[in-house]
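Read in order, the letters of the sequence shown correspond to residues 53 to 149 in the working numbering.
In this text, a Cβ means the ideal position worked out from N, Cα and C, and glycines have one as well.
Here the structure is a predicted model, which is why all the values come from computation and not from measurement.
Here the structure comes first, spelled out in structure tokens, and everything after it is commentary.
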Amino acid sequence: MDKLTKIDGKVSDEKIMQFIYGQIPEFDSQSEEYRKQIIQRVKDYMKTKEYSAETFEKFALHGTPSMIIVDRKGILRDVSFGQSGNVDAIIQKLLSE
Numbered sequence: 053m054d055k056l057t058k059i060d061g062k063v064s065d066e067k068i069m070q071f072i073y074g075q076i077p078e079f080d081s082q083s084e085e086y087r088k089q090i091i092q093r094v095k096d097y098m099k100t101k102e103y104s105a106e107t108f109e110k111f112a113l114h115g116t117p118s119m120i121i122v123d124r125k126g127i128l129r130d131v132s133f134g135q136s137g138n139v140d141a142i143i144q145k146l147l148s149e
């Protein structure tokens, strides 16, 4: 279960661009008109978003099911989306460390 937190409603240019570059790495190579349109769409989206799903955003998850594996030292070792058939192998490897 993810933790939902209420968003303060403040939308900064920095937050907008951080979101865009995370989704569209080649953003700067797009046309001026396209960039303006995307910036406005992201700004509108962020203004209407009331809650943030902390785990989804922290680990850049794309949907469910998602899997996050953290080792005994608290280090993130694997993030995957969808059904994962190699969970046992990953966990066994970590247990043997």
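Check: Under the three-state DSSP convention, the category residue 123 falls into; Outcome: coil
Check: Segments assigned beta strand (DSSP E), at least 3 residues, entirely inside the region 68 to 126; Outcome: 103 to 105, 118 to 122
Check: Spatial distance of residue 148 from residue 125 (CA atoms); Outcome: 14 Å
Check: Residue 122, buried or exposed, once every other Cβ within 10 Å from all chains shown has been counted against 16; Outcome: exposed
Check: In DSSP terms, what residue 128 is bridged to; Outcome: 122
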